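Trainee: Same order as they appear, the protein sequences are chains P and U. Under this note's numbering, the first residue of the first sequence is numbered 1, with each subsequent residue one higher. Under this note's numbering, the first residue of the second sequence is numbered 352, with each subsequent residue one higher.
There are 2 protein chains.
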Amino acid sequence: MTDGLEKKKRKSDRVNLADVARAAGVSKMTASRVLNGTKGFSPKTRERVLEQVEKLGYVQNRLAAAFASQGKSTFVGVSIPDLGNEVFTQVLEGIERKLNASGYQAVLCVSQYDGEATQEWLETVLSWQPAGLIVTGRNHAPATRKLLKSSAVPVVEIWDLNSSPLDMSVGINQYDAGYAMGQYMVETGHQRVGYIGTHHDTAHSATARFEGWKAAIRTGGATIVHTHVVQDTPGFYTGYYATEQFLKSCPEVDALFYQNDNLAAGGFMFATSHGLDVPNDIGIAGWGDLPIGAILPKRLTSVHVPHLRMGRVAAEQLLMSLSGEPSSDTIDVGFKLIPGHTLGRRNDTQV
Amino acid sequence: MTDGLEKKKRKSDRVNLADVARAAGVSKMTASRVLNGTKGFSPKTRERVLEQVEKLGYVQNRLAAAFASQGKSTFVGVSIPDLGNEVFTQVLEGIERKLNASGYQAVLCVSQYDGEATQEWLETVLSWQPAGLIVTGRNHAPATRKLLKSSAVPVVEIWDLNSSPLDMSVGINQYDAGYAMGQYMVETGHQRVGYIGTHHDTAHSATARFEGWKAAIRTGGATIVHTHVVQDTPGFYTGYYATEQFLKSCPEVDALFYQNDNLAAGGFMFATSHGLDVPNDIGIAGWGDLPIGAILPKRLTSVHVPHLRMGRVAAEQLLMSLSGEPSSDTIDVGFKLIPGHTLGRRNDTQV
DNA sequence: TATGGCTGAGATACCGGTAACTCAAAGCCG
DNA sequence: CGGCTTTGAGTTACCGGTATCTCAGCCATA
């Protein structure tokens, strides 16, 4: 009847600071000072304590330490919508690298675009006294907004630039970026354009981007023949079949703007495998400058957003704010249109 | 003036349990019981306490709670090598979903295949008394192995199945899976095969997979003309240029096995854009059944590994172990060969 | 009616560190 | 050499909860 419990160490046999202090013949407080590098001990004492730490294999209980000093933990709550979407994993990677390099740990939440789940996660994470929070997007549910606002920790909102952030904001101006792409589509001679995206974007930054794009199209005198929003993940195959559906109902379209490059790549594959020439029969534009864009038969037209950098900067801002350095409210990491070769009619159509 | 009793200035202005208890006219202990659902209070008392919780906006300090009960946190340390590699993000997604749904939080480490960084992260995470750990791979640095072994928390090793795990192991038999692919390549008529991978895999499971593959090739009487390992990330473009390099130095190769589908897709794009027919001129086999495989002009030959499930099962095992339920030492989540249409010479070459 | 179990609730003692205060001895100065 | 500052180190009081023990009522059963 031996269950797995006895396989592991008993709780009480963990060495604690008192054990170390006793073994070294000093007080707990002195041992604590040595370990934290605070002044107030002689080199000899230091050595004695460290010797015992080594010998006994003492590991600090940071739960106790943080609690005792009324301090924060070294955890930073990081909320992103989706791990299946490369843009977010890139941002996450930027965040994680910076945090880890600075001795902080990312506590992850993948919201799946579910506000309620996010809220729940947020409540839990806040109860652990995190050092800070990095959240994606600027449109929070009222309760979430309230929680973020009343929390005593610094918050960085990433993705879409926010002129009046809760605390700090790092991202790009999604509207402007969308506008730039719309303008380019018109410039390259497209007149009857369409949009393909997934429902995921509606509540998020893609909305602002989409608005910017629409404005540019309208201003340029072109027509939006249809916008097709599917209930699926923004991946390759989704782009493939969504394009099929789009072209079936609106064959007159001459260029498509996709929510991201992976959808666009799917669309590209559909088009070329069905005898359509890109861009002469149909123009294709993606978003995000994702890796796939580099290996398509023609360089994909897209907008480069420095996602990795966005994550890094967000983490940097948070850390600066934690160390009391002045940090900007708002940081624009910029975007860059990638002309590529999948847009443009009749002219400039070489590989 | 020793009126410290009443005018006790509190460091934090945060509402604590004592405040709630006072306001509700009960003892701290009773309030604690109500909030934790432990028995020992009347419905009326319960209501009074909850009313004050609501009114005062009390949020538990879990740092204090975990510390007081000598307990663990709800954090689970999760270490994966790379976020730029879809297979790992899929596993992570599986883990994260399950953990979050069960009230645990993933504390992320992206090791970048760096043992030292992992070690450092591990030390920090362990000092926060995590509930458990999920680590990728089975080949740990000696110091890491020691730390994992001596830690008082359950550990799940994922990826490659481990017959003698530290604690628990969830994954697939990478050797067998590699063997299956090797066998299939021989069966489909390939005689002079090659391998393309990145340095990232060497220290990890891809080694076992690679060994299995080699064994099958040898057993089948075929020749491995070259194995090309590049110092880069296992992404689309890497596969593209690595294939170019490979074909330049070994044009006689008739089939290539790639470390993953993204590399393979890059290779496919290179081959077809340079006038080679897949699979008649060159066979291409990937790994992981990644999304890209579905939109190539021909279905990519690959091996499906249930990454999402692997992550979910790993988290499940950990949670079971935490709740004292019996959990298996080793769980094989299985793999499945996907024949596709990018392997096979002269026959079976329709789309 | 006496005994004993059950239930709601309070009192107390921590958990493992750190902040803040205290104090003796040593160092420094004119 | 006295007084003042510095320095190494100890003492005490917590931080905000929970484990554990205690105890008064209350009900059921013999």
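Heads up, the beta-carbon is just placed ideally off N, CA and C, and yes, glycines get one too. No experiment lies behind these values; they were computed from the predicted model shown.
Please report the distance separating the alpha-carbon of Pro-234/P from that of His-577/U.
Mentor: Residue mapping note: residue 234/P aligns to position 234 of the first sequence, counting from 1. Residue mapping note: residue 577/U aligns to position 226 of the second sequence, counting from 1. Spanning the two alpha carbons is a distance of roughly 37 Å.
Trainee: Buried or exposed: where does Pro-142/P fall if 16 or more other Cβ atoms within 10 Å of its Cβ makes it buried?
Mentor: Within the first sequence, the letter at position 142 stands for residue 142/P. Classification for Pro-142/P: exposed.
Trainee: For the alpha helix (DSSP H) that contains Asp-82/P, what are its first and last residues?
Mentor: For the purposes of this step, residue 82/P is identified with residue 82 of the first sequence, where counting begins at 1. It is not in any alpha helix (DSSP H) - Asp-82/P carries neither H nor E in the DSSP assignment.
Trainee: I need the DSSP call for Leu-688/U, collapsed to helix, strand or coil.
Mentor: Position 337 of the second sequence, counted from the start, is the residue given in the question as residue 688/U. Residue state, collapsed to three classes: strand.
Trainee: At a Cβ cut of 9 Å, what residues of the stretch 590–604 of chain U count as close to chain P, listed as they run along the chain?
Mentor: Here the close residues are Gly-590, Tyr-591.
Trainee: Express the C-alpha separation of Val-629/U and Trp-638/U in angstroms, rounding to a whole number.
Mentor: Taking the second sequence and counting its residues from 1, the one referred to as residue 638/U is at position 287. Taking the second sequence and counting its residues from 1, the one referred to as residue 629/U is at position 278. Trp-638/U and Val-629/U have their C-alpha atoms roughly 17 Å apart.
Trainee: Strictly by DSSP, which residues pair up with Gly-194/P?
Mentor: Locating residue 194/P in the first sequence gives position 194, where the first residue counts as 1. His-226/P, Leu-256/P.
Trainee: Count the other C-beta atoms from every protein chain shown that fall within 10 angstroms of the C-beta of Asn-513/U, then say buried if there are 16 or more, exposed otherwise.
Mentor: The residue you call residue 513/U lines up with position 162 of the second sequence. Flag for Asn-513/U reads buried.
Trainee: Which chain U residues are close to Ser-73/P, counting only those with a beta carbon under 8 Å from its beta carbon?
Mentor: One-based indexing of the first sequence puts residue 73/P at position 73. Leu-414, Trp-479, listed in chain order.
Trainee: Can you find a CB in chain U that lies within less than 9 Å of the CB of Ile-224/P?
Mentor: The sequence position of residue 224/P within the first sequence is 224, counting from 1. Ile-224/P does not count as touching chain U.
Trainee: Residues of chain P with CB under 7 Å from Trp-472/U, in chain order?
Mentor: If you number the second sequence from 1, residue 472/U lands on position 121. What Trp-472/U touches in chain P: Asn-100.
Trainee: Does the beta-carbon of Lys-449/U have 16 or more other beta-carbons within 10 angstroms, so that it is buried, or is it exposed?
Mentor: Indexing the second sequence from 1 puts residue 449/U at position 98. With 16 or more Cβ atoms within 10 Å of its Cβ, Lys-449/U is classed as buried.
Trainee: In angstroms with no decimal places, state the Cα-to-Cα distance between Thr-202/P and Phe-597/U.
Mentor: Mapped onto the first sequence, residue 202/P falls at position 202. Mapped onto the second sequence, residue 597/U falls at position 246. Residue confidence is low: Thr-202/P scores 49 on pLDDT, short of 50, so the model does not pin down where it sits. Its coordinate-derived value is still stated next. When rounded, the distance between both Cα atoms is 44 Å.
Trainee: To the nearest angstrom, report how far apart Gly-548/U and Val-53/P are at their CA atoms.
Mentor: What you label residue 548/U is simply residue 197 of the second sequence in a count that begins at 1. What you label residue 53/P is simply residue 53 of the first sequence in a count that begins at 1. Cα-Cα distance, rounded: 44 Å.
Trainee: Output the residue ranges of the alpha helix (DSSP H) runs that lie fully inside the stretch 363–436 of chain U and measure 4 residues or longer, sorted by chain position.
Mentor: 368–375, 379–387, 394–407, 413–419
Trainee: Alpha carbon to alpha carbon, how far is Gly-212/P from Met-181/P?
Mentor: Translated into the one-based positions of the first sequence, residue 212/P becomes position 212. Translated into the one-based positions of the first sequence, residue 181/P becomes position 181. Going from the Cα of Gly-212/P to the Cα of Met-181/P covers about 9 Å.
Trainee: Determine the extent of the alpha helix (DSSP H) in which Asp-281/P is found, giving its start and end residues.
Mentor: Looking up residue 281/P in the first sequence gives position 281. Counting along the chain, Asp-281/P falls outside any alpha helix (DSSP H), and DSSP gives it neither H nor E.
Trainee: Along the beta strand (DSSP E) that carries Thr-469/U, what are the first and last residues, could you check?
Mentor: Along the second sequence, read from residue 1 onward, the residue named residue 469/U stands at position 118. Taken as a continuous stretch (DSSP letters only), Thr-469/U belongs to no beta strand (DSSP E), being part of the alpha helix (DSSP H) at 466–478.
Trainee: Thr-553/U CB to nearest chain P CB: under 9 Å?
Mentor: For the purposes of this step, residue 553/U is identified with residue 202 of the second sequence, where counting begins at 1. With a pLDDT of only 49 at Thr-553/U, under 50, the local geometry of the prediction cannot be trusted, and the value read off the model is given with reservation. Output row for Thr-553/U: interface = no.
Trainee: Inspect the CB distances between the stretch 469–486 of chain U and the stretch 503–511 of chain U and report whether three or more fall short of 8 Å.
Mentor: yes
Trainee: If you draw a straight line from the C-alpha of Tyr-530/U to the C-alpha of Ser-453/U, how long is it?
Mentor: The residue you call residue 530/U lines up with position 179 of the second sequence. The residue you call residue 453/U lines up with position 102 of the second sequence. A direct Cα-to-Cα measurement between Tyr-530/U and Ser-453/U gives close to 37 Å.
Trainee: Whole angstroms are fine: how far does the CA of Leu-308/P sit from the CA of Asp-254/P?
Mentor: If you number the first sequence from 1, residue 254/P lands on position 254. If you number the first sequence from 1, residue 308/P lands on position 308. Approximately 33 Å, taken between the alpha carbons.
Trainee: With a CB to CB cut of under 8 Å and the five nearest residues on each side skipped, what residues in its chain are close to Ala-177/P?
Mentor: The count along the first sequence starts at 1 and reaches residue 177/P at position 177. Closer than 8 Å at Cβ, skipping near neighbours: Arg-209, Gly-212, Val-303, Val-305, Phe-335.
Trainee: Counting only beta-carbon separations shorter than 9 Å, does Pro-642/U have a partner in chain P?
Mentor: For the purposes of this step, residue 642/U is identified with residue 291 of the second sequence, where counting begins at 1. Yes - at least one Cβ of chain P is within 9 Å of the one on Pro-642/U.
Trainee: In its own chain, which residues sit with a C-beta less than 6 Å from the C-beta of Arg-543/U, not counting the 5 before and 5 after it?
Mentor: As a working note, residue 543/U is residue 192 in the second sequence. Closer than 6 Å at the Cβ level, and outside the excluded window around Arg-543/U, lie Thr-574, Val-576, Glu-603, Val-604, Asp-605.
Trainee: Strictly by DSSP, which residues pair up with Gln-105/P?
Mentor: If you number the first sequence from 1, residue 105/P lands on position 105. Note: Gln-105/P sits in a beta bridge opposite Phe-75/P.
Trainee: Find the residues of chain P that neighbour Gln-411/U, judging by a C-beta separation of less than 8 Å, and give them in chain order.
Mentor: In the second sequence, the residue the question calls residue 411/U occupies position 60. What Gln-411/U touches in chain P: Ser-127.
Trainee: Report the three-state DSSP secondary structure of Leu-133/P (helix, strand or coil).
Mentor: As a position in the first sequence, residue 133/P is number 133, starting the count at 1. Leu-133/P falls in the strand class under three-state DSSP.
Trainee: Note the first and the last residue of the continuous alpha helix (DSSP H) segment covering Ser-624/U.
Mentor: One-based indexing of the second sequence puts residue 624/U at position 273. Its alpha helix (DSSP H) spans residues 612–624.
Trainee: Taking any Cβ of chain U, which residues in the stretch 292–316 of chain P have a Cβ under 8 Å from it, in chain order?
Mentor: Ile-292, Ala-294, Ile-295, Leu-296, Pro-297
Trainee: Check this for me: beta carbons of Ala-265/P and Ile-292/P, under 9 Å apart or not?
Mentor: As a working mapping, residue 265/P is identified with position 265 in the first sequence. As a working mapping, residue 292/P is identified with position 292 in the first sequence. Yes, these two residues count as a Cβ contact at 9 Å.
Trainee: Let me know the secondary structure DSSP gives Glu-157/P once reduced to three states.
Mentor: As a first step, residue 157/P must be located in the first sequence, where it is residue number 157. DSSP places Glu-157/P in strand when its eight states are reduced to three.
Trainee: In its own chain, which residues sit with a C-beta less than 7 Å from the C-beta of Thr-74/P, not counting the 5 before and 5 after it?
Mentor: Here residue 74/P refers to the residue found at position 74 when the first sequence is read from its first residue. For Thr-74/P, where only same-chain residues beyond five positions count, the Cβ hits under 7 Å are Gly-103, Tyr-104, Gln-105, Ala-131.
Trainee: Rounded to the nearest angstrom, how far is the Cβ of Glu-444/U from that of Leu-83/P, given a contact under 8 Å?
Mentor: In the second sequence, the residue the question calls residue 444/U occupies position 93. In the first sequence, the residue the question calls residue 83/P occupies position 83. Correct: roughly 4 Å between the Cβ atoms.
Trainee: Out of Glu-47/P, Lys-298/P, His-274/P, which has the shortest C-alpha to C-alpha gap to Ser-624/U?
Mentor: On the second sequence, position 273 is the one that residue 624/U refers to. If we check each option's Cα against that of Ser-624/U, Lys-298/P comes out closest.
Trainee: Express the C-alpha separation of Arg-62/P and Asp-19/P in angstroms, rounding to a whole number.
Mentor: The residue you call residue 19/P lines up with position 19 of the first sequence. The residue you call residue 62/P lines up with position 62 of the first sequence. Distance between the alpha carbons of Asp-19/P and Arg-62/P: 16 Å.
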